[in-house]
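Asks: As given, the protein sequences belong to chains A and B, one line each in that order.
The numbering of the first sequence is this note's numbering, which starts it at 484 and goes up by one.
The numbering of the second sequence is this note's numbering, which starts it at 484 and goes up by one.
There are 2 protein chains.
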Amino acid sequence: MKTFSPDDENNKKLVDFLKKLGLNSPEIKIVTSTEIEFKKGENVCKQGSFASYIMILKEGWLKSYIENIHFKNTIFKITKPFSIIGLSCLYGDNHYHFGCQALMPSKVCLVERAVFDNIIKGNNKFASEIIKMYSNSLQNLYDRLNSISNKQSLSKVCDSLIYLSEKIFESDTISPIITRRDIAELSGLATENIVRVLAELKTANAIAVDKKEITILDMDMLKRFSCFG
Amino acid sequence: MKTFSPDDENNKKLVDFLKKLGLNSPEIKIVTSTEIEFKKGENVCKQGSFASYIMILKEGWLKSYIENIHFKNTIFKITKPFSIIGLSCLYGDNHYHFGCQALMPSKVCLVERAVFDNIIKGNNKFASEIIKMYSNSLQNLYDRLNSISNKQSLSKVCDSLIYLSEKIFESDTISPIITRRDIAELSGLATENIVRVLAELKTANAIAVDKKEITILDMDMLKRFSCFG
DNA sequence: AAGTAAAATTGATAAATATCAATATTTATT
DNA sequence: AATAAATATTGATATTTATCAATTTTACTT
Numbered sequence: 484m485k486t487f488s489p490d491d492e493n494n495k496k497l498v499d500f501l502k503k504l505g506l507n508s509p510e511i512k513i514v515t516s517t518e519i520e521f522k523k524g525e526n527v528c529k530q531g532s533f534a535s536y537i538m539i540l541k542e543g544w545l546k547s548y549i550e551n552i553h554f555k556n557t558i559f560k561i562t563k564p565f566s567i568i569g570l571s572c573l574y575g576d577n578h579y580h581f582g583c584q585a586l587m588p589s590k591v592c593l594v595e596r597a598v599f600d601n602i603i604k605g606n607n608k609f610a611s612e613i614i615k616m617y618s619n620s621l622q623n624l625y626d627r628l629n630s631i632s633n634k635q636s637l638s639k640v641c642d643s644l645i646y647l648s649e650k651i652f653e654s655d656t657i658s659p660i661i662t663r664r665d666i667a668e669l670s671g672l673a674t675e676n677i678v679r680v681l682a683e684l685k686t687a688n689a690i691a692v693d694k695k696e697i698t699i700l701d702m703d704m705l706k707r708f709s710c711f712g
Numbered sequence: 484m485k486t487f488s489p490d491d492e493n494n495k496k497l498v499d500f501l502k503k504l505g506l507n508s509p510e511i512k513i514v515t516s517t518e519i520e521f522k523k524g525e526n527v528c529k530q531g532s533f534a535s536y537i538m539i540l541k542e543g544w545l546k547s548y549i550e551n552i553h554f555k556n557t558i559f560k561i562t563k564p565f566s567i568i569g570l571s572c573l574y575g576d577n578h579y580h581f582g583c584q585a586l587m588p589s590k591v592c593l594v595e596r597a598v599f600d601n602i603i604k605g606n607n608k609f610a611s612e613i614i615k616m617y618s619n620s621l622q623n624l625y626d627r628l629n630s631i632s633n634k635q636s637l638s639k640v641c642d643s644l645i646y647l648s649e650k651i652f653e654s655d656t657i658s659p660i661i662t663r664r665d666i667a668e669l670s671g672l673a674t675e676n677i678v679r680v681l682a683e684l685k686t687a688n689a690i691a692v693d694k695k696e697i698t699i700l701d702m703d704m705l706k707r708f709s710c711f712g
């Protein structure tokens, strides 16, 4: 009887994911051939650097963000396993327009842009699935933009918590790999304000806080606060 | 000898644009068969309504925006002729996630989503060009997000002016179809602040203002202000 | 061209958020 | 387990921006 290591398990999941996107076995072999490990806090890609690769997150969690001159970041996406990173750089000016950092030890498959592009051009099903991802990314950015541009701090934080819970961790509990500063950069606020709003939400029994772990107790309340403005 | 009306001229430009995207004559016929006119201020699509069509702007100018509950909009894009609108709705939940309004009398070709999707699936060159548009849209949204989330009013307004001048009107002069309120909604600020910042920029000789028309006199200065934060 | 509606402007004030500084707590390291 | 480093928290204050109200200018309609 054969036993599987956690890594084998993960390999299988990755292959399943790629099959669902319409890739055949040789194509899967190509896109999974180069695998790189990143430590917590390491840069997966640096904003402004040459964009050589499209990346597939195999294991771990990443944050993607825009840096401004004063090193104030805006996180626009948290990435969970089996997501593709860098699609916005597939064509265009050859540079990453965002930075990406590992939130915990992570494994990423690197696929050269030209290789990725070739597969798209020869595989309609895959192209169509990639277009779906673009659509999703756009909608996610609309949501972020709406949250950050016309709302007040309470609503902004609620939006971030809802995003993390529903879209990213798919759980009432937001993993402690997310820091207060991450929530701040996701919400477009200062870290101190996050602390204050979280305290408010705790008092209202909308969330429970245990050290860095946040648990959503009343999602409806968060959604009302989110809408309220 | 045959004479061409302005409309013929425009038809020709549209066909050229579609040819460059890789569409053949029958495909071009299909996507240009339904044409609708919109008056200034009319809704081209309403946020939340059923997304039946992908739209191609043939003539005129549009603004696309996210509405929040309190009817405070965030404009994320100004659309110029020969642009495609609604790509983010090609797949997904079948609803428009944004509103779109005509800034002047405009003509739009409507293409049913399924029809558009079919063309993509059968035409690799076109699919590839559409993916480029998605990339561009994402990059545009990153820029907007960066501007709105970590900058102060002066920089935000400069970003909007640079965007309008370089990306949209491709001229030092920003068309008077853009109101102060539009700039406000593009910058994530109140209209009154736009007026104040424009007055500042005028005093600094960075711009000239003639009624609603804004002319950029010193693009370098605007870019310095944009970076400064 | 007159009258009306819409948009822009200005100043005063209120509200929201960032910043700063000090401290406490948590996490990581040896 | 002790120490150091990173992160979180709290309160006070400054800064920025929104809001409100009043007026002027511009655009639109007949």
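Where a beta carbon is used, it is the ideal one built from N, C-alpha and C, also for glycine.
In this text, all values refer to a predicted model and were calculated from it rather than measured experimentally.
#1: Residues in the same chain with beta-carbon distance under 6 Å from A/Ile-631, minus the five sequence neighbours each way, listed in chain order, please.
#2: Between which two residues does the alpha helix (DSSP H) holding B/Gly-605 run?
#3: Quick check: the Cα distance between B/Pro-588 and B/Lys-522, rounded to an integer number of angstroms?
#4: Terminal residues of the continuous alpha helix (DSSP H) containing A/Glu-525?
#5: Relative to the alpha-carbon of B/Asp-626, which residue among A/Lys-503, A/Glu-550 and A/Tyr-617 has its alpha-carbon at the smallest distance?
#6: Between A/Thr-674 and the rest of its own chain, which residues show a CB-CB distance below 7 Å, the 5 nearest in sequence each way excluded?
#7: Can you name the residues of chain A whose CB is closer than 9 Å to the CB of B/Cys-710?
#8: Below 8 Å, can you find three or more Cβ-Cβ pairs linking the region 528-543 of chain A to the region 590-610 of chain A?
#9: Does the Cβ-Cβ distance between A/Thr-698 and A/Asp-655 come in under 8 Å?
#10: Quick check on DSSP: helix, strand or coil for B/Leu-637?
#11: Does DSSP put B/Asn-460 in a helix, a strand or coil?
#12: Measure the alpha-carbon distance for B/Lys-555 versus B/Leu-669 and round it to whole angstroms.
#13: Could you compute how far the alpha carbon of B/Phe-708 sits from the alpha carbon of B/Thr-515?
#14: Does chain B have any CB closer than 8 Å to the CB of A/Gly-543?
#15: Using a C-beta to C-beta distance shorter than 7 Å, which residues of chain A count as neighbours of B/His-580?
#16: At the 8 Å Cβ level, is B/Gly-505 part of the contact set with chain A, yes or no?
#17: State the DSSP-derived secondary structure class of A/Tyr-464, mapped to helix, strand or coil.
#18: Could you tell me how far apart the beta carbons of A/Leu-624 and B/Leu-628 are, in whole angstroms, since I believe they sit closer than 8 Å?
#19: Spell out whether any CB of chain A is found under 8 Å from the CB atom of B/Leu-719.
#20: Figure out for me which residue from A/Leu-644, A/Pro-564, A/Ile-519 and A/Asn-493 has the closest Cα to the Cα of A/Ala-689.
#21: Output yes or no for whether 8 Å exceeds the beta carbon distance between A/Asn-526 and A/Gln-584.
#22: On a Cα-Cα basis, can you pick out the residue from B/Ile-558, B/Phe-533, B/Lys-563 and B/Thr-557 that is closest to B/Cys-572?
#23: Tell me the DSSP secondary structure of A/Asp-491 in three-state form.
#24: Take A/Asp-703 as the anchor and find which of A/Phe-500, A/Glu-649 and A/Val-692 has the nearest alpha-carbon.
#25: Going along the chain, which residues of its own chain have a beta-carbon closer than 7 Å to the beta-carbon of B/Ile-513, five neighbours each way excluded?
#26: Inspect the beta-carbon positions of A/Gly-582 and A/Gln-530 and report whether they are closer than 8 Å.
#27: Here's a check: name, in chain order, each residue in its chain whose Cβ is nearer than 8 Å to the Cβ of B/Lys-608, leaving out the five neighbours to either side.
#28: Apply the 10 Å Cβ neighbour rule to A/Lys-639 and answer buried if 16 or more other Cβ atoms are within range, or exposed otherwise.
#29: With a cut-off of 8 Å on the beta carbons, I'd call B/Gly-543 and B/Lys-590 a contact; round off their distance for me.
#30: For a quick check, are the C-beta atoms of B/Cys-528 and B/Tyr-574 less than 8 Å apart?
#31: According to DSSP, is A/Ala-585 helix, strand or coil?
#32: What is the rounded straight-line gap between the Cα of A/Cys-710 and the Cα of B/Phe-559?
#33: Check the DSSP bridge columns for A/Cys-592 and list the partner residues they point to.
#34: Cβ of A/Asn-577 less than 8 Å from any chain B Cβ?
#35: Return the CA-CA distance between B/Glu-696 and B/Leu-586, expressed in angstroms with no decimal places.
Replies: Looking at the atomic coordinates:
#1: Working through the first sequence from its first residue, we reach residue 631 of chain A at position 148. Closer than 6 Å at Cβ, skipping near neighbours: Gly-671.
#2: As a first step, residue 605 of chain B is located in the second sequence; it is residue number 122 there, counting from the start. For B/Gly-605, the enclosing alpha helix (DSSP H) covers residues 596-605.
#3: Residue 588 of chain B sits at position 105 when you count from the first residue of the second sequence. Residue 522 of chain B sits at position 39 when you count from the first residue of the second sequence. Distance between the alpha carbons of B/Pro-588 and B/Lys-522 is about 4 Å.
#4: Along the first sequence, one-based indexing puts residue 525 of chain A at 42. A/Glu-525 -> no alpha helix (DSSP H), and no H or E assigned at all.
#5: Here residue 626 of chain B refers to the residue found at position 143 of the second sequence. With distances taken between Cα atoms, B/Asp-626 lies closest to A/Glu-550.
#6: In the first sequence, the residue the question calls residue 674 of chain A occupies position 191. If the five residues before and after A/Thr-674 are omitted, its C-beta is found closer than 7 Å to the C-beta atoms of Arg-663, Arg-664 and Ala-667, all from its own chain and listed in chain order.
#7: For the purposes of this step, residue 710 of chain B is identified with residue 227 of the second sequence, where counting begins at 1. Here the neighbours are Asn-551 and Ile-552.
#8: yes
#9: What you label residue 698 of chain A is simply residue 215 of the first sequence in a count that begins at 1. What you label residue 655 of chain A is simply residue 172 of the first sequence in a count that begins at 1. For A/Thr-698 and A/Asp-655, yes; Cβs fall inside 8 Å.
#10: By 1-based counting over the second sequence, the position of residue 637 of chain B is 154. Looking at B/Leu-637 - three-state DSSP - the assignment turns out to be helix.
#11: As displayed, chain B neither begins before 484 nor continues past 712, which places residue 460 of chain B out of reach and without an answer.
#12: Taking the second sequence and counting its residues from 1, the one referred to as residue 555 of chain B is at position 72. Taking the second sequence and counting its residues from 1, the one referred to as residue 669 of chain B is at position 186. Taking the straight line joining both Cα atoms gives about 11 Å.
#13: Sequence index remark: in the second sequence, residue 708 of chain B carries index 225 (1-based). Sequence index remark: in the second sequence, residue 515 of chain B carries index 32 (1-based). Rounded to the nearest angstrom, the two C-alpha atoms are 43 Å apart.
#14: Here the question's residue 543 of chain A lines up with position 60 in the first sequence. No, its Cβ sits nowhere closer than 8 Å to a Cβ of chain B.
#15: The count along the second sequence starts at 1 and reaches residue 580 of chain B at position 97. Those are Gln-622 and Tyr-625, listed as they occur along chain A.
#16: Start at 1 with the first residue of the second sequence, and residue 505 of chain B comes out as number 22. Taking Cβ atoms only, chain A never reaches closer than 8 Å to B/Gly-505, which makes this a no.
#17: The requested residue 464 of chain A does not occur in the structure, where chain A is confined to residues 484 to 712.
#18: Position 141 of the first sequence, counting from 1, holds the residue named residue 624 of chain A. Position 145 of the second sequence, counting from 1, holds the residue named residue 628 of chain B. That belief holds up - the Cβ atoms of A/Leu-624 and B/Leu-628 are roughly 7 Å apart, short of 8 Å.
#19: Only positions 484 to 712 of chain B appear in the structure, and residue 719 of chain B is not among them; the question remains open.
#20: Taking the first sequence and counting its residues from 1, one reaches residue 689 of chain A at position 206. Of the candidates A/Leu-644, A/Pro-564, A/Ile-519 and A/Asn-493, the one whose C-alpha sits nearest the C-alpha of A/Ala-689 is A/Leu-644.
#21: Counting from 1 along the first sequence, the entry for residue 526 of chain A is found at position 43. Counting from 1 along the first sequence, the entry for residue 584 of chain A is found at position 101. Contact flag set, yes.
#22: For the purposes of this step, residue 572 of chain B is identified with residue 89 of the second sequence, where counting begins at 1. Minimum Cα distance to B/Cys-572 is reached at B/Phe-533.
#23: In the first sequence, residue 491 of chain A corresponds to position 8, counting from 1. Note: A/Asp-491 maps to helix in three-state DSSP.
#24: Taking the first sequence and counting its residues from 1, one reaches residue 703 of chain A at position 220. Residue A/Glu-649 is the option with its Cα nearest to A/Asp-703.
#25: Locating residue 513 of chain B in the second sequence gives position 30, counting from the first residue. So the qualifying residues of the chain are Val-598.
#26: Residue numbering aside, residue 582 of chain A sits at position 99 when the first sequence is read from its first letter. Residue numbering aside, residue 530 of chain A sits at position 47 when the first sequence is read from its first letter. Contact annotation: A/Gly-582 and A/Gln-530 have beta-carbon atoms nearer than 8 Å.
#27: By one-based count along the second sequence, residue 608 of chain B stands at place 125. Here B/Lys-608 has Leu-504 and Gly-505 as same chain residues with Cβ atoms under 8 Å from its own Cβ, once five neighbours each way along the sequence are excluded.
#28: As a first step, residue 639 of chain A is located in the first sequence; it is residue number 156 there, counting from the start. So A/Lys-639 counts as buried.
#29: As a first step, residue 543 of chain B is located in the second sequence; it is residue number 60 there, counting from the start. As a first step, residue 590 of chain B is located in the second sequence; it is residue number 107 there, counting from the start. Their Cβ separation, rounded to whole angstroms, is 6 Å, which keeps B/Gly-543 and B/Lys-590 in contact under 8 Å.
#30: Within the second sequence, numbered from 1, the residue matching residue 528 of chain B stands at position 45. Within the second sequence, numbered from 1, the residue matching residue 574 of chain B stands at position 91. Their beta carbons are not under 8 Å apart, which means B/Cys-528 does not touch B/Tyr-574 by this criterion.
#31: To locate residue 585 of chain A, count along the first sequence from 1; it is residue 102. A/Ala-585: strand per DSSP, three-state reduction.
#32: Within the first sequence, numbered from 1, the residue matching residue 710 of chain A stands at position 227. Within the second sequence, numbered from 1, the residue matching residue 559 of chain B stands at position 76. So the two alpha carbons sit approximately 20 Å from each other.
#33: Position 109 of the first sequence holds residue 592 of chain A. DSSP output for A/Cys-592 lists A/Glu-518 and A/Ile-539 as bridge partner(s).
#34: The residue given as residue 577 of chain A occupies position 94 in the first sequence. Answer no: the Cβ-Cβ gap between A/Asn-577 and chain B never drops below 8 Å.
#35: The sequence position of residue 696 of chain B within the second sequence is 213, counting from 1. The sequence position of residue 586 of chain B within the second sequence is 103, counting from 1. Straight through space, the alpha carbons of B/Leu-586 and B/Glu-696 are spaced by roughly 15 Å.
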